[in-house]
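Reading through the structure tokens given below for one structure.
2 protein chains.
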Amino acid sequence: MENLLRTFRDIGNLSPENEKLLLSTIERVEYPSKTILLEEGNVCNNLYFVEKGLIRIYLYKDGKDVTCWIGPENEFVGAIGSFFTREPSNKWIETLEPCVLWKFEYAKLEELFSSSRELEKIGRLFSNQGILLLDKRLDNIHFNTAAERYEIFINTHPGILQRVPLSMIASYLGMTQETLSRIRSGR
Amino acid sequence: MENLLRTFRDIGNLSPENEKLLLSTIERVEYPSKTILLEEGNVCNNLYFVEKGLIRIYLYKDGKDVTCWIGPENEFVGAIGSFFTREPSNKWIETLEPCVLWKFEYAKLEELFSSSRELEKIGRLFSNQGILLLDKRLDNIHFNTAAERYEIFINTHPGILQRVPLSMIASYLGMTQETLSRIRSGR
DNA sequence: CGCCGAGTTGAACTGAATCAAGAAACGTGG
DNA sequence: CCACGTTTCTTGATTCAGTTCAACTCGGCG
Numbered sequence: 001m002e003n004l005l006r007t008f009r010d011i012g013n014l015s016p017e018n019e020k021l022l023l024s025t026i027e028r029v030e031y032p033s034k035t036i037l038l039e040e041g042n043v044c045n046n047l048y049f050v051e052k053g054l055i056r057i058y059l060y061k062d063g064k065d066v067t068c069w070i071g072p073e074n075e076f077v078g079a080i081g082s083f084f085t086r087e088p089s090n091k092w093i094e095t096l097e098p099c100v101l102w103k104f105e106y107a108k109l110e111e112l113f114s115s116s117r118e119l120e121k122i123g124r125l126f127s128n129q130g131i132l133l134l135d136k137r138l139d140n141i142h143f144n145t146a147a148e149r150y151e152i153f154i155n156t157h158p159g160i161l162q163r164v165p166l167s168m169i170a171s172y173l174g175m176t177q178e179t180l181s182r183i184r185s186g187r
Numbered sequence: 001m002e003n004l005l006r007t008f009r010d011i012g013n014l015s016p017e018n019e020k021l022l023l024s025t026i027e028r029v030e031y032p033s034k035t036i037l038l039e040e041g042n043v044c045n046n047l048y049f050v051e052k053g054l055i056r057i058y059l060y061k062d063g064k065d066v067t068c069w070i071g072p073e074n075e076f077v078g079a080i081g082s083f084f085t086r087e088p089s090n091k092w093i094e095t096l097e098p099c100v101l102w103k104f105e106y107a108k109l110e111e112l113f114s115s116s117r118e119l120e121k122i123g124r125l126f127s128n129q130g131i132l133l134l135d136k137r138l139d140n141i142h143f144n145t146a147a148e149r150y151e152i153f154i155n156t157h158p159g160i161l162q163r164v165p166l167s168m169i170a171s172y173l174g175m176t177q178e179t180l181s182r183i184r185s186g187r
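Quick mapping for you: the protein sequence lines, in order, are chains A and B.
Okay, so the first sequence: first residue is 1 according to the UniProt record's numbering, each after it adds one.
Okay, so the second sequence: first residue is 1 according to the UniProt record's numbering, each after it adds one.
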């Protein structure tokens, strides 16, 4: 929880009252490994902050499981496409490990941001952070080769390789499991 | 200008006073074709709304010109990575046609959003829209083949193919000019 | 006319996917 | 604590989508 608060404090000014307000709108939840948090076809109603564990977003493209996002400790995860549009998601979300999460419900989050000037601003800057994340990943996948993407991954997500099946990382990086295995072994 | 205002009105509530405030913070600028609006190494200080014309963002990867984004009429364009972090951009921005643009300066935009509760909210929802755009493009480039990406492009950007050199569209879609030429002719 | 940039087409090449076995690691029940 | 089946990872052979390199076409314009 300390890390969660720090994330917001780093973004903007968070007064003690607003901090309390924030904490009152979110819920601490625990799930065992391999729990489905969102099914395709449903609207994504929650954003999760990962306190402990690991979450994955994925979808089925031509019947194959493809990882869209991997969320380790201290990161926010959600099917943002559906979360913001309020339309059914084409993506699934699952836990890959036993998890402790902080759940941000859509309606409550909107209410939170609307409840004070300061929070509204934090919300805006929070979204800007999200834009930066996506922009970076977009550039990465647009311009870099499979080997470069792997290199960047192990640098930006140290330790995750050991915690997630290779196949999931491979599709996250836009390559097959075999290719990743070969890159990893130095061909 | 009407289209610009409509964009914001569609997002949230824009009172007449705030509308006036908004208009007073932006500047209408005109540039001839092939004008450089941002050079690599500089911080991107402006976001542009394209009233008329066409803007392109690009960078040099291994000495080659690669298009990152194409902004036609009624869209916002800027090197958001640099714009939000206030760090030097690795990207360039140029006009591809004579342009009429509305310039949103970083500091003024922040001031605008800070100047009222309503505008702060509009700013937040505006950023959320940006997230949606990036999320869509990320999925597109992550999961689809060259031919699929082309198909989606001509549907989402009708007419642009006729206005932009093929090489720029090709690199925007993550393929070579020759490949795009072949896809277009049906192999 | 003849040049020049933009687009097309062809042939050879290559990075990565696919298909197909194995090997290693893992977990569960006896 | 071992045995067995399942899942995960590696390795090899082949195929394929897309790149590279190079030549050629076309239309505009001095």
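Note that beta-carbon positions come from the ideal geometry of N, C-alpha and C, so glycine has one too.
- Scanning chain A for C-beta atoms nearer than 9 Å to the C-beta of B/Ser89 yields nothing, as the closest lies near 11 Å away.
- Taking a cut-off of 8 Å on C-beta distances, the segment 127-135 of chain A does not touch the segment 53-66 of chain A, as fewer than three cross pairs fall below it.
- Between the alpha carbons of A/Leu166 and A/Ile131 lies a gap of roughly 27 Å.
- Within the same chain, Cβ atoms closer than 8 Å to the Cβ of A/Val164 are found at Leu54, Arg56, Ile70 and Leu96, the five residues on either side in sequence being excluded.
- For A/Gly174, there is no enclosing alpha helix (DSSP H), since its DSSP letter is neither H nor E.
- Listed in chain order, the alpha helix (DSSP H) runs fully inside the UniProt domain "Cyclic nucleotide-binding" (10-121) of chain A are 16-25, 80-85 and 106-115, counting runs of at least 4 residues.
- Here the alpha carbon of B/Asn13 sits roughly 8 Å from the alpha carbon of B/Ile122.
- For B/Arg6, no CB of chain A lies under 8 Å from its own CB, so it is not counted at the interface with that chain.
- In this structure, B/Cys99 lies away from B/Gly78, with their beta-carbon atoms at least 8 Å apart.
- Across the structure, A/Pro158 and B/Trp102 are spaced so that their CA atoms are roughly 43 Å apart.
- Using a CB distance cut-off of 8 Å, A/Gly81 counts as an interface residue toward chain B.
- With a cutoff of 8 Å on beta-carbon distance, A/Ile93 and A/Leu38 are scored as near each other.
- Chain B has a Cβ within less than 8 Å of the Cβ of A/Phe143.
- Around A/Phe113, the beta-carbon contacts reaching into chain B at under 8 Å are Lys121 and Arg124.
- DSSP places A/Asn144 in no alpha helix (DSSP H); its state is neither H nor E.
- At a cut-off of 8 Å between beta-carbon atoms, B/Val164 makes no contact with chain A.
- If you draw a 10 Å sphere on the C-beta of A/Ile169, you find 16 or more other C-beta atoms in it, and that means buried.
- Nearest CB-CB separation between A/Ser15 and chain B: not below the 8 Å threshold.
- Non-local C-beta neighbours of A/Ser115 in its own chain, meaning closer than 7 Å and more than five positions away in sequence, comprise Leu21, ordered along the chain.
- One alpha carbon belongs to A/Gln177, the other to A/Ile152, and they sit about 17 Å apart.
- Annotated three-state conformation of B/Ser185 is coil, per DSSP.
- In this structure, A/Leu125 sits away from A/Thr25, with a CB-CB distance that is not shorter than 8 Å.
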